[in-house]
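First up is the structure itself, then whatever we jot down about it.
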Amino acid sequence: MSKYYLNYLDELESEAIYILREVWAQFQNPVILFSGGKDSILVTHLAKKAFYPSKIPFPLLHVDTGHNFPETIQFRDDLIKELGVQLIVGSVQESIDTGRVAEERGKNATRNALQITTLLDAIENNKIDCAIGGGRRDEEKARAKERFFSHRDDFGQWDPKNQRPELWNLLNGKHFEGEHFRAFPISNWTEMDVWNYIKREGIKIPSLYLAHEREVIWRNGSWIPVSEHLKLEENEKVETKKIRFRTLGDITITGGIESDADTLEKIVAEVAAMKQTERGNRSDDKRSETAMEDRKRQGYF
Amino acid sequence: MEIDKNQLLRFTTAGSVDDGKSTLIGRLLYDSKAIFEDQLEAVENTSRKKGHEGVDLALFTDGLRDEREQGITIDVAYRYFTTPKRKFIIADTPGHIQYTRNMVTGASTANAALILIDARHGVIEQTKRHAFIASLLQIPHIIVCINKMDLVDYSEEIYENIIHQFEEFSSKLYVKDIQFLPISALDGDNVVNRSTNMDWYQGAPLLYTLETMHISSDINKIDARFPVQTVLRPQREGFIDYRGYAGRVASGIFRPGDDVVVLPSGFPSKIKSIDTMDGTLEEVFAPMSVAITLEDDIDISRGDMIVKENNQPKPLQEFDAMLCWFNNAPARPRAKYTIVHTSNEQKAMITNVVYKIDINTYAREEDDKELKMNDIARISIRTTRPLMVDEYRDNRITGSFVLIDDATHETVAAGMIV
Numbered sequence: 028m029s030k031y032y033l034n035y036l037d038e039l040e041s042e043a044i045y046i047l048r049e050v051w052a053q054f055q056n057p058v059i060l061f062s063g064g065k066d067s068i069l070v071t072h073l074a075k076k077a078f079y080p081s082k083i084p085f086p087l088l089h090v091d092t093g094h095n096f097p098e099t100i101q102f103r104d105d106l107i108k109e110l111g112v113q114l115i116v117g118s119v120q121e122s123i124d125t126g127r128v129a130e131e132r133g134k135n136a137t138r139n140a141l142q143i144t145t146l147l148d149a150i151e152n153n154k155i156d157c158a159i160g161g162g163r164r165d166e167e168k169a170r171a172k173e174r175f176f177s178h179r180d181d182f183g184q185w186d187p188k189n190q191r192p193e194l195w196n197l198l199n200g201k202h203f204e205g206e207h208f209r210a211f212p213i214s215n216w217t218e219m220d221v222w223n224y225i226k227r228e229g230i231k232i233p234s235l236y237l238a239h240e241r242e243v244i245w246r247n248g249s250w251i252p253v254s255e256h257l258k259l260e261e262n263e264k265v266e267t268k269k270i271r272f273r274t275l276g277d278i279t280i281t282g283g284i285e286s287d288a289d290t291l292e293k294i295v296a297e298v299a300a301m302k303q304t305e306r307g308n309r310s311d312d313k314r315s316e317t318a319m320e321d322r323k324r325q326g327y328f
Numbered sequence: 296m297e298i299d300k301n302q303l304l305r306f307t308t309a310g311s312v313d314d315g316k317s318t319l320i321g322r323l324l325y326d327s328k329a330i331f332e333d334q335l336e337a338v339e340n341t342s343r344k345k346g347h348e349g350v351d352l353a354l355f356t357d358g359l360r361d362e363r364e365q366g367i368t369i370d371v372a373y374r375y376f377t378t379p380k381r382k383f384i385i386a387d388t389p390g391h392i393q394y395t396r397n398m399v400t401g402a403s404t405a406n407a408a409l410i411l412i413d414a415r416h417g418v419i420e421q422t423k424r425h426a427f428i429a430s431l432l433q434i435p436h437i438i439v440c441i442n443k444m445d446l447v448d449y450s451e452e453i454y455e456n457i458i459h460q461f462e463e464f465s466s467k468l469y470v471k472d473i474q475f476l477p478i479s480a481l482d483g484d485n486v487v488n489r490s491t492n493m494d495w496y497q498g499a500p501l502l503y504t505l506e507t508m509h510i511s512s513d514i515n516k517i518d519a520r521f522p523v524q525t526v527l528r529p530q531r532e533g534f535i536d537y538r539g540y541a542g543r544v545a546s547g548i549f550r551p552g553d554d555v556v557v558l559p560s561g562f563p564s565k566i567k568s569i570d571t572m573d574g575t576l577e578e579v580f581a582p583m584s585v586a587i588t589l590e591d592d593i594d595i596s597r598g599d600m601i602v603k604e605n606n607q608p609k610p611l612q613e614f615d616a617m618l619c620w621f622n623n624a625p626a627r628p629r630a631k632y633t634i635v636h637t638s639n640e641q642k643a644m645i646t647n648v649v650y651k652i653d654i655n656t657y658a659r660e661e662d663d664k665e666l667k668m669n670d671i672a673r674i675s676i677r678t679t680r681p682l683m684v685d686e687y688r689d690n691r692i693t694g695s696f697v698l699i700d701d702a703t704h705e706t707v708a709a710g711m712i713v
């Protein structure tokens, strides 16, 4: 076989670098949406590669629900220091305090949907014209139709029926004032690709992804971590389990899975044998069949 | 899995619900174990609600709410699966005539096209449309799946007849590599596993064909082209005078020491180094993303192209192209659009519609000059400055462009230079 071909991870890497450079070339004021999850960590790593030997030429934006894993915040702050880039924080607590949004009520109340307002406010206040996200098309059926460059109108909304066609490698980031774009450089990666690449590159990730002992309760089919933000129901009891998280989000809704995978090698093996999608443990997606699409239309990640 | 050897193969499928396209994709995902339990559960629930017996595989590819409600596919949807041999990206596009733009979009990056034919109906208008688009977009490999063989008693004669019909009309098209397969997506015959119902078929099943298809030669390795995306000037310790030209190799091979020319200025230089964060490289080819440094200090910016001295694209300000019109608003005669070609942007004007093509009959229409949504035409175009172009047939990256309407910022057309 000819030596002039790339393996699939190199090709995905090259595609992501290309997209990140297009963002930098086509927009005035882009940011990376940084959640502390593996996908945004991966995007940040790829941005490092795209602009080396320069620093990443734009800030990271963290939409802080106030319901964080402490490990995530520590990880974020260490990474910012290492990269020498600016961090912008959009605070959901502040949006609640200033009356921009109201806290959800009821048993399964989360701050997930509230993030939309905080995110859109942060985008407007900082005059951000492109927010780079770690969204992947394999995550969810509405995301399967997402473009690399995804247009948002001046209310931050996505119109899935009126998307710009993307052909070859030609990306159209033209927009009017007030509108912005979301860019998704790792659109074509699957969960398995992400883990294989993290392992290959030796990318640092929060310890939460590795199996560890933690106090949890069983709710909605997964192990929800005990935290100051969790309200226990009558019949729920706290147990200590060896778990790890497949995705990281708001601590009140991110469910862990029982696992012994405490190294990257073991995680890759475990993911390969996985029978549930990673968002299967996210109660925000379980609300209805079109939960993700509905949130995306309004301006969600 | 030997991940360091596995390639990525992008293929496109076109078809409507009726010819079993969604079922085929569902089957590939299901049989290659790319479906998770919670997805299966959701699909089983929906299948039951709709009164289907068993699992309706087609539901795996349903996406947006409107699509589920109307039972149609609106947009290009991307699906992923991996086998021990390859990673696959499917661009799943609807086959209705009004969605030509989606088929074209899905086809633009594909290594292979899957064309589905219902064995009961043979070649229909839609088949011709799909074959035409695959050939227009120069998809290197075409696999024609003759589906629903179970409904024609697995008849070899019917299969051979359809191949004959297909070859008859496709002789007018430019297709490099074409293969035929008799399948039943519903039952899985010849999809992942070899069919026991068609002993007369000696070829490989679909998945094996996709896994072993030779795609390394699809990339142009002759004409070295490097469009500059952005300039890296770190201005920090250790890199005070560093000036790297960042981009992705469009085609050909570059090595340090190569004699190059920067277009459009025409300044000659030599490649000093090819850099990545992981170190310098001795050789790069498409589609690698790197930074190139040159021996000479030349003024280079986004939109410029680094090429080999002895092999250069043509600087053209007027050329012909096959154009697909994508927008609800028809093309305005002699209006100016922004043309995006590699990383370069200029203004352009469509000066003439040479002919329009009826994609169902391949007939040329020379009198109708209006370009409407989903029309495909040969046009003449003029740009404000020369573009560094190759023919699309030789180079999918430097031979392609899109047009953007400055009033709406929408991408209104895609073109292939002839």
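In order, the protein sequence lines correspond to chains U and Y.
Residues in the first sequence are numbered from 28 upward in steps of one, following our numbering.
Residues in the second sequence are numbered from 296 upward in steps of one, following our numbering.
Just so you know, even glycine gets a beta-carbon here, dropped at the ideal spot from N, CA and C.
Pull out every residue of the region 278-290 of chain U whose Cβ sits closer than 8 Å to any Cβ of chain Y, in chain order. Residues passing the 8 Å Cβ filter: none.
To be precise: take each residue of the region 452-464 of chain Y, compare its Cβ to all Cβ atoms of chain U, and keep it if any distance is under 9 Å. Which residues remain? Flagged: no residues at all.
Pro97/U touches chain Y at which residues, Cβ-Cβ below 8 Å? Those within 8 Å of Pro97/U in chain Y number zero; the least Cβ separation is about 29 Å.
Step through the CB atoms of chain Y and report whether any lies within less than 8 Å of the CB of Lys172/U. Yes, Lys172/U lies at the interface with chain Y (some Cβ there is under 8 Å from its Cβ).
Just how far apart, CA to CA, sit Ser317/Y and His239/U? Ser317/Y and His239/U: Cα-Cα distance of roughly 41 Å.
Glu193/U versus Pro187/U: straight-line alpha-carbon distance, rounded: Rounded to the nearest angstrom, the two C-alpha atoms are 14 Å apart.
What are the residues in the region 507-527 of chain Y lying within 9 Å of chain U by C-beta distance? His509, Ile510, Ser511, Ser512, Ile514, Lys516, Gln524, Thr525, Leu527: these are the residues of the region 507-527 of chain Y whose beta carbon lies less than 9 Å from some beta carbon of chain U, given in chain order.
Only counting runs of 4 or more residues, tell me where the alpha helix (DSSP H) segments fall wholly within the region 394-430 of chain Y, in order along the chain. Restricted to the region 394-430 of chain Y, the alpha helix (DSSP H) segments that are unbroken, complete and at least 4 residues in length are 395-402, listed in chain order.
Taking any Cβ of chain Y, which residues in the region 68-85 of chain U have a Cβ under 8 Å from it, in chain order? Those residues of the region 68-85 of chain U that come within reach of chain Y (Cβ to Cβ, closer than 8 Å) are Lys75, Lys76, Ala77, Phe78, Tyr79, Pro80, Ser81, Lys82.
Check the Cβ-Cβ distances between Lys382/Y and every residue of chain U, and say whether any is below 8 Å. Look at Lys382/Y: its C-beta is under 8 Å from a C-beta on chain U.
Near Thr404/Y, which residues of its chain fall below 8 Å by C-beta distance, leaving aside the five closest residues on each side in sequence? Spatial neighbours of Thr404/Y in its own chain (CB-CB distance under 8 Å, excluding positions within 5 residues in sequence) are listed in chain order as Arg305, Ala386.
Which full runs of the beta strand (DSSP E) of 3+ residues lie inside the region 571-597 of chain Y, going along the chain? Runs of the beta strand (DSSP E) spanning 3 or more residues and lying entirely within the region 571-597 of chain Y occur at 584-589, in chain order.
Rounded to whole angstroms, what's the CA-CA distance from Asn153/U to Gly161/U? Just pull it up for me. Approximately 20 Å between the Cα atoms of the pair.
Interface residues of chain U facing Gln302/Y [CB-CB closer than 7 Å]: By Cβ distance, chain U contributes Tyr32, Asn34, Tyr35.
Mind checking His425/Y: buried by the 16 CB within 10 Å criterion, or exposed? With 16 or more other Cβ atoms within 10 Å, it is buried.
Run down chain Y in chain order and give the residues with a C-beta less than 8 Å from the C-beta of Ile44/U. Counting only Cβ-Cβ distances below 8 Å, Ile44/U has contacts in chain Y at Arg543, Ser584, in chain order.
Once you ignore the five residues that flank Ile68/U on each side, which residues in its own chain have a CB closer than 7 Å to its CB? Cβ-Cβ distances below 7 Å link Ile68/U to Ile230, Ile232 in the same chain, with the five nearest sequence neighbours on each side left out; the list follows chain order.
Helix, strand or coil, according to DSSP, for Val340/Y in the structure here? Per the sequence shown, the amino acid found at residue 340/Y is Asn instead of Val. The answer is helix: DSSP assigns Asn340/Y an H, G or I state.
Using a Cβ cut-off of 7 Å, pull out every chain Y residue sitting near Phe211/U, in sequence order please. Chain Y residues near Phe211/U: none, gap ~11 Å exceeds 7 Å.
Taking the alpha carbon of Ile225/U as the point to measure from, which residue in Ala171/U, Trp195/U, Ala129/U, Leu73/U has its own alpha carbon closest? Check the Cα spacing between Ile225/U and each of Ala171/U, Trp195/U, Ala129/U, Leu73/U: the tightest is with Leu73/U.
For Lys300/Y and Val557/Y, what's the separation of their Cα atoms in angstroms? Their Cα atoms are separated by approximately 34 Å.
Contact with chain U by Pro379/Y, beta-carbon distance below 8 Å: Not closer than 8 Å to any Cβ of chain U, the Cβ of Pro379/Y fails to qualify, so no.
Using the beta-carbon of each residue, which ones in chain U are nearer than 8 Å to Met683/Y? Taking a Cβ-Cβ cut-off of 8 Å, Met683/Y has no neighbours in chain U, whose nearest Cβ is about 15 Å from it.
Excluding sequence positions up to five away, which residues of its chain have a Cβ less than 7 Å from the Cβ of Glu297/Y? Annotation note: pLDDT 44 at Glu297/Y (below 50); position unreliable, coordinate value reported separately. So no residue of the chain qualifies.
Cut-off 7 Å between Cβ atoms - residues of its own chain near Glu255/U, not counting five sequence neighbours on either side: In the same chain as Glu255/U, and ignoring 5 residues on each side of it, no C-beta atom comes closer than 7 Å to its own.
According to DSSP, which residues form a beta bridge with Met600/Y? DSSP lists Pro522/Y, Leu558/Y as the bridge partner or partners of Met600/Y.
Going by DSSP, which residues form a beta bridge with His239/U? As computed with DSSP, His239/U is found in a beta bridge with Ile270/U.
Spatially closest choice to Met668/Y from Ile437/Y, Phe534/Y, Pro625/Y, by CA coordinates: Looking at Ile437/Y, Phe534/Y, Pro625/Y, the one whose alpha-carbon comes closest to that of Met668/Y is Pro625/Y.
So which residues of chain Y does Ala52/U contact, with C-beta pairs closer than 8 Å? Gln524, Thr525, Arg597, Ser638, listed in chain order.
Helix, strand or coil for Ala702/Y? Go by DSSP, reduced to three states. The answer is coil: DSSP assigns Ala702/Y none of H, G, I, E or B.
Rounded to a whole number of angstroms, what is the C-alpha to C-alpha distance between Glu613/Y and Arg680/Y? Computed Cα separation, rounded: 9 Å.
Looking at Leu88/U: is its Cβ nearer than 8 Å to the Cβ of Ala158/U? Result yes, Cβ atoms of Leu88/U and Ala158/U sit closer than 8 Å.
Should the region 514-527 of chain Y be regarded as contacting the region 537-548 of chain Y, the criterion being three or more beta carbon pairs within less than 8 Å? The answer is yes - the region 537-548 of chain Y touches the region 514-527 of chain Y, with three or more Cβ pairs under 8 Å.
For Lys567/Y, the three-state DSSP class (helix, strand or coil): Strand at Lys567/Y.
Just list the alpha helix (DSSP H) runs in the region 37-85 of chain U, keeping only unbroken ones of 4 residues or longer that don't cross its boundaries, in chain order. Within the region 37-85 of chain U, the complete alpha helix (DSSP H) runs of at least 4 residues are 65-78.
Consult DSSP for Ala171/U and reduce its assignment to one of helix, strand or coil. Ala171/U: helix per DSSP, three-state reduction.
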